[in-house]
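Here the structure comes first, spelled out in structure tokens, and everything after it is commentary.
Protein chains in written order, with the working numbering: chain P, 1 to 201; chain E, 202 to 402.
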């Protein structure tokens, strides 16, 4: 299962106009490919599950429910609720028997990813997962550059807790992280990087 | 790490009236201890995290947000939303390097747990986790009997997909499952059973 990194060359999938217009392709909102990082990861996870490679899901957004109406016996309508700050990461699951746990962020910035995208609880959670023998990392997309990286928790944590910086420079992520290959399916083949980095080194 | 099952004797915490009325103590709704299964598991998970034994969280309830108001710049108020059916289980995380994934249900029934408490997607998810090398099980509480069991996915799945039954008899859970010891902290020591069943057999 060796893999050749594209050395900056990106595979451009041959999407026909018909495909582009399929209802499963939402409107273009971010970058040239038209998909947010979350959409790309969700589609990739679907592909991984369908091909039985991994069981990884996005966790639901935590919401504090305050009021619920019951207009019909069988249905409940929430009429007042608030978004809560997540205490863990957005994604977790299992790959080749190992616990996988990661957070995904994208930035339009071209030279760094601001650290105020992350919360202390999230970073502490990732560190704890690592200490318990799990695989934990960031997926960082520089959407303007159209590049997405996997960045291991052991590199990430010092930026958050020790360095006196407000952002992680792209240069650090380029040198310590791994470019994630993109294709038609899976859109973002981050498990290929996980395979290379955590299972073959 | 041996553990002595309480042989039916339950520890009753000394909850004063003041404590009972604290806002963090919800009204008594289930059993003599006054805690729902979910509360017991959440407290146990907090204890496991605080003592660095495991990193296990309840996933947020999936909610479909329809309308959001922004009364202030910084706050978002959800004014219309609906509960969605979960596609996975309620709890997952890592224990001793292994992926843990489980669903918890309680019933007032004294002789069986109805299978309509579970959804096909959940059971398929548990089966898939098992096939990928993770540890997956049910935690079933018979609240009237004040007994809580761990029941492995390999016993559970046939009841759901193969047997022509609408419930799993308590007798089956008694003989194939494991009684979970209860104490003050952790309230529900299910990881002790996990340790015995999955790491020492």
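Glycine residues also receive a C-beta, built at the ideal position from the N, C-alpha and C atoms.
How big is the Cα-Cα spacing for residue 114 (chain P) and residue 166 (chain P)? 6 Å
Got a sec: is the Cβ-Cβ distance from residue 260 (chain E) to anything in chain P below 8 Å? Using beta-carbon distances, residue 260 (chain E) counts as an interface residue toward chain P, with a partner under 8 Å.
To which residues does DSSP link residue 257 (chain E) through a beta bridge? E:294
Using the Cα positions of residue 334 (chain E) and residue 299 (chain E), report the straight-line distance between them to the nearest angstrom. Going from the Cα of residue 334 (chain E) to the Cα of residue 299 (chain E) covers about 8 Å.
In whole angstroms, give me the CA-to-CA distance for residue 171 (chain P) and residue 131 (chain P). 27 Å
In whole angstroms, give me the CA-to-CA distance for residue 184 (chain P) and residue 282 (chain E). Straight across, the Cα-Cα distance linking residue 184 (chain P) with residue 282 (chain E) is about 33 Å.
With 16 other Cβ atoms within 10 Å as the buried cut-off, status of residue 393 (chain E): buried
How many angstroms separate the CA atom of residue 156 (chain P) from the CA atom of residue 60 (chain P)? 24 Å
Environment of residue 349 (chain E) [buried if 16+ CB atoms lie within 10 Å]: buried
How many Å lie between residue 182 (chain P) and residue 342 (chain E) at the Cα? 46 Å
Less than 8 Å between the beta carbons of residue 55 (chain P) and residue 91 (chain P), yes or no? no
What residues in the region 269-299 of chain E bring their beta carbon closer than 9 Å to a beta carbon of chain P? Correct list: 269, 276, 277, 278, 279, 280, 281, 282, 283, 284, 285, 287, 288, 289, 293, 294, 295, 296, 297, 298 and 299.
Taking all protein chains shown into account, decide if residue 329 (chain E) is buried (16 or more other Cβ within 10 angstroms of its Cβ) or exposed. buried
Could you tell me if the beta carbon of residue 87 (chain P) falls within a distance shorter than 7 Å of some heavy atom in the ligand GTP? In the structure shown, the ligand GTP is absent, as is every other ligand, since no ligand is present at all.
Beta carbon of residue 89 (chain P) nearer than 8 Å to that of residue 119 (chain P): No.
In this structure, how does DSSP classify residue 23 (chain P) when only helix, strand and coil are distinguished? The predicted position of residue 23 (chain P) is uncertain, since its pLDDT is 37 and thus under 50; a value taken from the coordinates is nonetheless stated next. Residue 23 (chain P): coil per DSSP, three-state reduction.
From the beta carbon of residue 378 (chain E), is the nearest beta carbon of chain P less than 8 Å away? no
Option in E:402, E:344 and E:268 with minimal Cα separation from residue 309 (chain E): Of the candidates E:402, E:344 and E:268, the one whose C-alpha sits nearest the C-alpha of residue 309 (chain E) is E:344.
Quick one: grab the DSSP three-state call for residue 29 (chain P). Low confidence applies to residue 29 (chain P): its pLDDT is 41, below 50, so where it sits in the model is not reliable enough to give any reading.
Using DSSP's beta-bridge definition, name the partner residues of residue 150 (chain P). P:139 and P:178
For the region 316-336 of chain E, list every residue whose C-beta sits within 9 Å of some C-beta in chain P, in sequence order. Listed by position along the chain: 326, 329, 330, 332, 333, 334 and 335.
Does any residue of chain P bring its CB to less than 8 Å from the CB of residue 264 (chain E)? Yes - at least one Cβ of chain P is within 8 Å of the one on residue 264 (chain E).
Secondary structure of residue 159 (chain E), DSSP reduced to three states: This structure cannot speak to residue 159 (chain E), because chain E is shown only from 202 to 402.
Same chain, Cβ closer than 6 Å to residue 339 (chain E), neighbours up to 5 away in sequence not counted: 304, 352 and 357
Go to residue 282 (chain E), then tell me how far its beta strand (DSSP E) extends in each direction, as first and last residue. 278-284
Just checking: is the beta-carbon of residue 55 (chain P) within a distance shorter than 8 Å of some beta-carbon in chain E? yes
Would residue 13 (chain P) count as contacting chain E if we go by Cβ distances under 8 Å? Residue confidence for residue 13 (chain P) is low, a pLDDT of 36 falling below 50, so the modelled location carries little weight and cannot support an answer.
Please report the residue range of the beta strand (DSSP E) in which residue 300 (chain E) lies. 299-308 is the span of the beta strand (DSSP E), which, as asked, contains residue 300 (chain E).
Rank P:111, P:63, P:135 and P:161 by C-alpha distance to the C-alpha of residue 146 (chain P) and give the top, closest one. Ranking P:111, P:63, P:135 and P:161 by Cα distance to residue 146 (chain P) puts P:111 first.
Measure the C-alpha to C-alpha separation of residue 279 (chain E) and residue 288 (chain E) and round it to an integer number of angstroms. Distance between the alpha carbons of residue 279 (chain E) and residue 288 (chain E): 23 Å.
Anyone know if the C-beta pair for residue 390 (chain E) and residue 245 (chain E) falls short of 8 Å? yes
Give me the Cα-Cα distance between residue 63 (chain P) and residue 53 (chain P), rounded to the nearest whole angstrom. 31 Å
Would residue 175 (chain P) and residue 153 (chain P) qualify as a contact pair, given that the criterion is a beta-carbon distance under 8 Å? no
In three-state DSSP terms, what is residue 359 (chain E)? helix
What span of residues does the alpha helix (DSSP H) with residue 384 (chain E) cover, start to end? From DSSP, residue 384 (chain E) is part of no alpha helix (DSSP H); its letter is neither H nor E.
Using only CA atoms, which one of E:388, E:396 and E:324 lies nearest to residue 361 (chain E)? E:324
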